[in-house]
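Participant:
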Amino acid sequence: MSEKEMPDMGVLREKYLRKGMLPTIFCNGCGHGSSLDYTFRAIEELELDMDKIVFASGIGCSSRIPGYINADGLHTTHGRSIAFATGVKAANPELDVIVFTGDGDATGIGGNHFIHAARRNIDITVILLNNFIYGMTGGQVAPTSPKGTIATTSPHGNLEGAFDISNLAQALGAAYVARWPVSYPYQPIKSIKEGIETKGFSLIELMSPCPTAYGRRNKLGNIQKLWEWYDDHTMLAEEYDKINDYGTEAEKAALEDKIKIGVFQHIKKVGFFEAYEEQIKNLMANDDKKWGGV
Amino acid sequence: MSEKEMPDMGVLREKYLRKGMLPTIFCNGCGHGSSLDYTFRAIEELELDMDKIVFASGIGCSSRIPGYINADGLHTTHGRSIAFATGVKAANPELDVIVFTGDGDATGIGGNHFIHAARRNIDITVILLNNFIYGMTGGQVAPTSPKGTIATTSPHGNLEGAFDISNLAQALGAAYVARWPVSYPYQPIKSIKEGIETKGFSLIELMSPCPTAYGRRNKLGNIQKLWEWYDDHTMLAEEYDKINDYGTEAEKAALEDKIKIGVFQHIKKVGFFEAYEEQIKNLMANDDKKWGGV
Amino acid sequence: MIEILDDWCKGCEICVKRCPVEALEISEIMNKKGVRVPRLKEDNKCHQCRLCELLCPDFAITVTKEEKEEEKECKLIIGGVCAD
Amino acid sequence: MIEILDDWCKGCEICVKRCPVEALEISEIMNKKGVRVPRLKEDNKCHQCRLCELLCPDFAITVTKEEKEEEKECKLIIGGVCAD
Amino acid sequence: MTYVRDPVRIRKILGSKKQFIMGDMAAAYGGLVAGVGFFGGYPITPASEVAEGMARMLPRAGGSFIQMEDEIASMAAIIGGAWSGAKTMTATSGPGFSLMMENYGYAIMTETPCVIVNVQRTGPSTGQPTQGAQGDMMQTRWGSHGDMMAIALCPSTVQECLDMTIECFNLSEKYRHPVVLLMDGEVGHLREKVIIPDEDEMELIERVEATIDKDKFIPFSESQTQPGSKVPDFPTFGSGYHPYVTGLTHNDMGFPATDKQPDHERLINRLITKITDDREALTDVEEIMMDDAEVVFVTYGASARPAESAVRMARAKGIKAGMLRLKLVWPFPEKVIYELSKKVNKIIVPEMSLGQMVHPIREFAAKDCEVTMAPKVGGVMHLPIELLKYLEEAVE
Amino acid sequence: MTYVRDPVRIRKILGSKKQFIMGDMAAAYGGLVAGVGFFGGYPITPASEVAEGMARMLPRAGGSFIQMEDEIASMAAIIGGAWSGAKTMTATSGPGFSLMMENYGYAIMTETPCVIVNVQRTGPSTGQPTQGAQGDMMQTRWGSHGDMMAIALCPSTVQECLDMTIECFNLSEKYRHPVVLLMDGEVGHLREKVIIPDEDEMELIERVEATIDKDKFIPFSESQTQPGSKVPDFPTFGSGYHPYVTGLTHNDMGFPATDKQPDHERLINRLITKITDDREALTDVEEIMMDDAEVVFVTYGASARPAESAVRMARAKGIKAGMLRLKLVWPFPEKVIYELSKKVNKIIVPEMSLGQMVHPIREFAAKDCEVTMAPKVGGVMHLPIELLKYLEEAVE
Amino acid sequence: MKHEIQVAGFGGQGVILSGFIIGKAACVFDDYNAVQSQSYGPEARGGAAKTAVIISDETIGYPRPTSIDLFVAMAQEAFNSYLPDCRDDTILIIDPDLVTQSDVGRPVYKIQAQKIAEELGNKIVTNIAMVGALTGVYDFGVSDEAVKKAVMDSVPKKFMDLNINAFERGLEAGKNARPE
Amino acid sequence: MKHEIQVAGFGGQGVILSGFIIGKAACVFDDYNAVQSQSYGPEARGGAAKTAVIISDETIGYPRPTSIDLFVAMAQEAFNSYLPDCRDDTILIIDPDLVTQSDVGRPVYKIQAQKIAEELGNKIVTNIAMVGALTGVYDFGVSDEAVKKAVMDSVPKKFMDLNINAFERGLEAGKNARPE
Ligand SMILES: Cc1ncc(C[n+]2csc(CCOP(=O)(O)OP(=O)(O)O)c2C)c(N)n1
Ligand SMILES: Cc1ncc(C[n+]2csc(CCOP(=O)(O)OP(=O)(O)O)c2C)c(N)n1
Ligand code: SF4
Ligand code: SF4
Ligand code: SF4
Ligand code: SF4
Ligand code: SF4
Ligand code: SF4
Ligand SMILES: [Mg+2]
Ligand SMILES: [Mg+2]
């Protein structure tokens, strides 16, 4: 329906935001709010019925997002949103389930649910706001924090390797995987749309600036500089791969500093609940045959 | 020291087995016992001091293995062995830590600890006995069970995608990753040796036949047939990849039925605790300078 | 026309810095929280590309496509448009 | 020489089936658990490759490298060798 | 679409009316009969058979079974499923129950109806996996952080495993609270005769769904349609009510109120009093030879069986023994115990633990009535003669 | 090599002797002073500052800090670390504490010394993350499945946060038991003066390591070197003793005995009585104006502070009020409470919960002494005047 | 009326199923009460298996055996381990091919159940033959017909005939058996 | 002797630090007891911030203020919200650039702390200037010198001079200020 023009923010606010919950609790310059904006626009373009979408989340700044949406919201326990979402979907596969989660929520404490949902190809859309840090609790090191990160719990510099979440999801065969910085509006909107439309497990990893708990401590400058950081430190997957394959040594070395972005995976797979419904249908038909109809 | 000859089983039993715990509780034809044999031989070849190795495990048939070893043993809670092992190593990095775990233990309930240890490059050796099933509890479906598997909790056929554990570890950048069936003795021994020697996180995935809870229900025949199954259903990685890249369509289609085996990854990386010791040394030196010596 | 929901604006200046034609500026107007909120410059080349609306992390900007001539007037609409 | 720790043997027959020279067979000897345990065949080509020892999942087989001539004798050593 | 219970189909799946089955399986039957639409579980001895029964039967009834990645996820998934409108269930044993504690609290906080079967085994820790016990009684009441209340039932027979599972669902729907069936491994792995109730032989309480005008709907306060009920009407996901469900302290509208003392007090008081107001109505005990009893067992679960045998043996010897069996253990039947303690000389509490329910019993007993433990640990039931000895000693 | 405590270095890292710090930070200081060699934790409000303090200081002292992937892993890691010979520690709050319940039970079962700081916040569930509470008191005692005993201390001041952390380590080493410092968010986030003890101003109890001949060593039975102690000597990993540590029921040698009733009974009895035998010796209470008191508060943690103020206000009004503060809450000081209840007319239990410790207090109080709750929930301490009212009403 | 029957052997012999059949016969195909309990080895990985069935016309309180009327042993270890739990006059049945040392100074019924099964072509029905045998030897108040129905109700359709044959051959052997 | 001081403003203004400095001055650089407590907004994400310090020469029981002697407001919202907690004679200090409406019918000390900080080149030391000011305005028993030491002990070495200047300028302003 992209022919229809996108309504303006006044209209979107009225339609999608939960009255009485705004403004958000997010800090000045936090990127999390933008991801919600993009989600509204994706939903608007898809003309989905907001009565039939459930927004689930765990705990974290990012996980506060469903609180702002005028729709069914399930703000669960830290790290478990995907497991809750699996249940929501299992009990009523007709509902669309969109999970908002953080890097810590989804891959720190919640890593297991994340990988199992991807493996099972559970038909949900996960919008993961990666700010490389535990924002809500004040800036502890996250499994996504780059080596050397200064955080309240890595005051001498982080020594751990970081998860590349999209890469992990890809390795697990997720049906849809994309990564973008929130500072790019159009690509996230498109990816969220595609993610929702994809059968099976979709991950949209949005890199979201956290000036308070990450930027400040890691000398990434003020809000503006932090938002700009992504311009210099990201590269489209195609280009990245090309350099990686055919680039000069110097070009390759420069990749060290770059995060790959783009749509990494988009495959047609039977969603778990599709397969399940099929199995149920067959079992019932079998029984009916055996019993001569119920 | 491979020049020195391997002592015979009589000697190995005396040296490595814990008196009073044998015979094992494993079923007739279970492959788990062999993995322990291979481990002894790897340790024997490396001439390691059994006083300085800790064997940790979670819960499951596979996780019973440390009980049979005459060494420090930590039989923990289901799924958590790798987290316990991380603590063992953190508090005394001089100890070698070998984790015995099952597919359910390590990647079902314990998946999160597994991926985080790999990410951190925790310097432990994980010997994972993959029997595609929850053996100890009587044959429930595992995250490794192939699609269609009949298990007590997938009586109508498993619909979930299966983890390829080695592939997952590889994607996480584990320092050492190898997979073999236990029916091949020499390769596992070599891989266990290499795994122990490798700095950082090593995974040796051993496919272990479970006649009781897996083979029987999935019509893989008697013990013999089940052990032979691996001969027909595995292919060396190099060969597999070659076919995948250059094979005919028919050849490629035949890969469907094959599990890749071999050493998939073997890279030099600084182990987490190596890096940590370095950081501690620097911090202390700094303080000493500041204070003019302690 | 650009409407700013002043009380939702936190003052990040993303809109100001990312407007392709530098049409916005931080004004003297302070909202409840003491934040100085952005406004279209007196003299601006805003072509209603909506980038500011899209990027504002706080749902504070509305770009309504109206005729150029109406724009001046619209700048005066401030605060409280949608909050309840 | 092949020693079998009879009471540890569970009777899987891996040793029998995987011996490259088919030197082993299931004997009439029953252990405590009622399992018939393997033995070298009367007439065997065992070349002490140790595969059976390596593969036995129950640590029940010991292949001790000794002179061929001693082998016959060794076959008689059964059960209880190492258990306490 | 949310699962719709089809009683005819379910009855056919279950088969003949009279069966010889395990306690675990009876719980699965009970769940099916009650109308479970989604079961999420993780295997663990001695509870796996509940999940296995469900895996076999539920998809044939049109519902779904998922073996989740662990017990945390199981608990999470059944809560999620409940919000989609289904009756949901899980089953576990001690180690898994411990892992569920955080989400158990979440279910309480969010007023989510669901049923947890805990087939207790010998703990602590991995303990004795195949041996039954009654060591998770207090955990059910106190195991999650913060203020909470519990509803829990204890079956003593396989028939009760079935009937009480249905009862658990009824209470769960009525109070919008996670209800625990505190089975023990002894009963769970016992086979006995059960009679499968027909539709007209049982009562099913169904969730009160929100029906009020959407603008007027208040999701987390007293019911807007059931006068006098402190249990809010349920705004099923997908029905357009757009509730915001959170484990944070929330106001009546469901919005976070994390620094508002009055909101918290109001919420927590309601969450607890919605149950404790009915404490006496909920009380469910069985009395054996209590009329003139002077020394009594207060029991529950498997322990009630040797205790009953011991009481009969004691009566044969002329001892005025009796037994009070708690079928519902939480909320604790304070008044019954108090009144009992006024009437009898001595209360003996046989438990397959070092003593758990004995604590509230002692707390609520009048002080002139002696309350004694009769613990038995290690996965073995009390022998009737062991318990007889307690009675004999009491009257010596 | 296992961490070796260097008191001089630690003292320098901590800085001046008199400081103005938070309760959380004081716990980190206490851990450092006690000789923690490994801290594994996961952030959570209001406990994160303990981990943050450790992250900053511990590596400088030569120890290691790891932020684990969750609280389950944190608890696992500190148990593993303890077996490598280090003193180990974690810190969390309600939701994390709930997640630790399984491994907490494992630590009890395997007799692993370690310290858990729980900075309690308002629950249940996510509740009010930034608000203090005292809602995990009973969970500490009953939160894991199966039979268990707890050792837990409650600080009322920041100085006590430091001192009691050291005490927790001492008890943990002495009894080989996971010990819980049950702070509340109020005290945890309060700043006060603390005096850092010098080496000669404190006593540190160190682990009794196994020294006996390896062949004669019995890993899970009474001590072989400390006559009369039920606590076995500790066979540190790497020292050649080759213990097999399991959460399964095990015999004295540590081997699984999962179907042996006597082994289980023996083990569990020892695990519990090694602590409860010392119940009276462990009892640690503070008495305020108790000599002639007729109505008393029994308190602990932050609540003791407004209670003390209220007692002083009451005394000024001529009311014979007093206060008994429990510094060690578990094992429960049964005798002290019983004796107190014999002496006074009324016991009032102010708690930042709907009432938790009031249950054992009521259980162990003589029945002629009235025991009343004085609950306050929602993250706010009782006001002294609120508590004064309870006293006034009591004497009316 | 109350009967306590204990059957013991190795895991994999179908010992539990045999108890199940007896209990089911009593309460589904006849109208008694029955309880069946079982004991596992450490983790149910092979090893010993034991089941006890109590049949009564009254409600059954304590569900474990306290006074065993009939003990069936299908393995030597089981026989040795559980004989002490029996009364002096407990009826004993063994399969002499599985329990070779049964000389305990009192009469024992010897039923070659495994042999019967092998003759029928599949060792797997040893337990069913033994169910037949014990029904023949010991009258626990349930008709042969009811037990047979319980067998039929408890085995896979495919192997129905085999199982019925095993049961009947066992029953016959039981009826003809005399204690030795 | 007992003093209760409350400082309130926005998150990010260093309100908590200012309370910390006062408490530290009292108990580390002088010999009193002090407790500092703080209140957070929902999840400490910006929003309001408030801290209270109690200074006493006796043990401090209840650690939250019950009778505020001095209230310092560094934001309008804070002023409005917490004024009701004050006594009628509580001394009030505001920064008139941050609290523009302070006309509550009673005298208020007005200290342009933010302006002082801006003049010194960095708004970030507003809180330190305010610490100086309140020390100048209100005698809570702790010497100026002790407060200064606490400032020096609590700020990064790099910004020592800036902070000392801010403190001293604030102190002077405080000493000279008269309630308006
Ligand atoms: C069981 C549990 N452990 C810890 C916490 C504390 N906690 C709340 S949010 C959070 C981190 C969130 O990080 P992330 O998911 O990255 O979200 P962000 O705030 O960065 O958007 C933590 C550790 C909790 N609420 N529950
Ligand atoms: C918390 C918890 N949940 C469940 C169990 C039950 N349990 C024990 S072992 C096991 C599965 C083990 O499977 P795997 O790791 O694959 O080992 P295997 O037995 O197949 O070798 C399960 C679910 C448990 N002990 N603890
Ligand atoms: S702490 Fe970071 S992630 Fe959280 S609201 Fe602030 S800027 Fe956003
Ligand atoms: S159940 Fe399977 S994995 Fe376990 S011991 Fe038996 S064969 Fe091995
Ligand atoms: S609509 Fe475009 S041009 Fe106009 S102000 Fe916004 S960003 Fe600038
Ligand atoms: S982007 Fe939005 S919040 Fe930021 S300054 Fe502009 S209007 Fe304000
Ligand atoms: S040593 Fe080799 S040849 Fe000899 S029996 Fe064993 S496998 Fe056969
Ligand atoms: S491989 Fe070992 S266990 Fe198997 S039959 Fe041979 S000796 Fe016995
Ligand atoms: Mg984050
Ligand atoms: Mg397995």
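Chains as they are written, first to last, in this note's numbering: chain A, 1017 to 1310; chain B, 1017 to 1310; chain C, 33 to 116; chain D, 33 to 116; chain E, 5 to 400; chain F, 5 to 400; chain G, 34 to 213; chain H, 34 to 213. Even for Gly, the Cβ is constructed at its ideal location relative to N, Cα and C.
I'd like to know if residue 1124 of chain A contacts chain F, where contact means its C-beta is closer than 7 angstroms to some C-beta of that chain.
Facilitator: Position 108 of the first sequence, counted from the start, is the residue given in the question as residue 1124 of chain A. So yes, residue 1124 of chain A belongs to the interface.
Participant: Is residue 1230 of chain B closer than 7 angstroms to residue 1148 of chain B when the C-beta atoms are compared?
Facilitator: Against the second sequence, residue 1148 of chain B aligns to sequence position 132. Against the second sequence, residue 1230 of chain B aligns to sequence position 214. Taking 7 angstroms as the Cβ cut-off, residue 1148 of chain B and residue 1230 of chain B qualify as a contacting pair.
Participant: Between the Cα of residue 80 of chain D and the Cα atoms of D:55, D:42, D:45, which residue gives the shortest distance?
Facilitator: On the fourth sequence, residue 80 of chain D is found 48 positions in, with the first residue counted as 1. Comparing Cα positions, the closest option is D:55.
Participant: Can you list, in chain order, the residues of its chain whose CB lies under 6 angstroms from that of residue 247 of chain F, leaving out five sequence neighbours each side?
Facilitator: In the sixth sequence, counting from the first residue as 1, residue 247 of chain F sits at position 243. Excluding sequence neighbours, residue 247 of chain F sits near 223, 239, 258.
Participant: With a threshold of 8 angstroms, are at least 3 pairs of Cβ atoms found where one atom belongs to the region 316 to 330 of chain F and the other to the region 370 to 387 of chain F?
Facilitator: no
Participant: Which stretch, first to last residue, makes up the beta strand (DSSP E) that contains residue 327 of chain E?
Facilitator: To locate residue 327 of chain E, count along the fifth sequence from 1; it is residue 323. Counting along the chain, the beta strand (DSSP E) containing residue 327 of chain E begins and ends at 325 to 330.
Participant: For residue 176 of chain H, does the count of other Cβ atoms within 10 angstroms reach 16, so buried, or fall short, so exposed?
Facilitator: The count along the eighth sequence starts at 1 and reaches residue 176 of chain H at position 143. Burial call: exposed.
Participant: Considering only the beta carbon of each residue, do residue 69 of chain E and residue 79 of chain E sit closer than 7 angstroms?
Facilitator: For the purposes of this step, residue 69 of chain E is taken as residue 65 along the fifth sequence, with counting starting at 1. For the purposes of this step, residue 79 of chain E is taken as residue 75 along the fifth sequence, with counting starting at 1. Not a contact, by the Cβ cut-off of 7 angstroms.
Participant: Between the region 89 to 109 of chain H and the region 166 to 174 of chain H, do at least 3 Cβ pairs fall closer than 8 angstroms?
Facilitator: yes
Participant: Compare the C-beta of residue 33 of chain F with all C-beta atoms of chain B and state if any pair is closer than 7 angstroms.
Facilitator: The residue you call residue 33 of chain F lines up with position 29 of the sixth sequence. Taking Cβ atoms only, chain B never reaches closer than 7 angstroms to residue 33 of chain F, which makes this a no.
Participant: Does the beta-carbon of residue 1044 of chain B, which I'm using as the reference point, lie nearer than 6 angstroms to any heavy atom of ligand 2?
Facilitator: Numbered from 1 along the second sequence, position 28 holds the residue referred to as residue 1044 of chain B. No, Cβ of residue 1044 of chain B sits at least 6 angstroms from all heavy atoms of ligand 2.
Participant: Under a three-way DSSP split, which group does residue 1174 of chain B fall into?
Facilitator: For the purposes of this step, residue 1174 of chain B is taken as residue 158 along the second sequence, with counting starting at 1. Reduced to three states, the DSSP call for residue 1174 of chain B is coil.
Participant: Which of helix, strand or coil does DSSP assign to residue 1281 of chain B?
Facilitator: As a position in the second sequence, residue 1281 of chain B is number 265, starting the count at 1. Looking at residue 1281 of chain B - three-state DSSP - the assignment turns out to be strand.
Participant: When you compare the region 86 to 96 of chain C with the region 58 to 70 of chain D, are there three or more beta-carbon pairs, one atom per stretch, that lie closer than 8 angstroms?
Facilitator: no
Participant: If I measure Cβ to Cβ from residue 1252 of chain B and keep anything under 7 angstroms in the same chain, skipping five residues before and after, which residues do I get?
Facilitator: The count along the second sequence starts at 1 and reaches residue 1252 of chain B at position 236. These residues qualify, in order along the chain: 1277, 1278.
Participant: Taking the beta carbon of residue 1047 of chain A as the centre, do at least 16 other beta carbons fall within 10 Å, making it buried, or is it exposed?
Facilitator: Mapped onto the first sequence, residue 1047 of chain A falls at position 31. Buried, because 16 or more other Cβ atoms sit within 10 Å of the Cβ of residue 1047 of chain A.
Participant: Please classify residue 65 of chain H: is it buried, with 16 or more other beta-carbons within 10 angstroms of its beta-carbon, or exposed?
Facilitator: Within the eighth sequence, the letter at position 32 stands for residue 65 of chain H. Classification of residue 65 of chain H: buried, given that the 10 Å Cβ count is 16 or more.
Participant: Could you give the first and the last residue of the continuous beta strand (DSSP E) run that contains residue 181 of chain G?
Facilitator: Translated into positions along the seventh sequence, residue 181 of chain G becomes position 148. Per DSSP, residue 181 of chain G belongs to no beta strand (DSSP E); it is in the alpha helix (DSSP H), 177 to 187.
Participant: When DSSP builds the beta bridges, which residues end up paired with residue 86 of chain H?
Facilitator: In the eighth sequence, the residue the question calls residue 86 of chain H occupies position 53. DSSP lists H:38, H:69 as partners of residue 86 of chain H.
Participant: What do you reckon, are the CB atoms on residue 133 of chain E and residue 49 of chain E nearer than 7 angstroms?
Facilitator: In the fifth sequence, the residue the question calls residue 133 of chain E occupies position 129. In the fifth sequence, the residue the question calls residue 49 of chain E occupies position 45. Yes, Cβ-Cβ distance for residue 133 of chain E and residue 49 of chain E is below 7 angstroms.
Participant: Would the C-beta of residue 1028 of chain B count as close to ligand 7, meaning under 6 angstroms from any of its heavy atoms?
Facilitator: Counting from one through the second sequence, the residue named residue 1028 of chain B turns up at place 12. The answer is no for residue 1028 of chain B.
Participant: Output the boundary residues of the alpha helix (DSSP H) element that contains residue 341 of chain F.
Facilitator: Position 337 of the sixth sequence holds residue 341 of chain F. Counting along the chain, the alpha helix (DSSP H) containing residue 341 of chain F begins and ends at 338 to 347.
Participant: Would you list the one or two residues that DSSP bridges to residue 213 of chain E?
Facilitator: Reading the fifth sequence from its first residue, position 209 is the one you call residue 213 of chain E. Paired residue(s): E:238.
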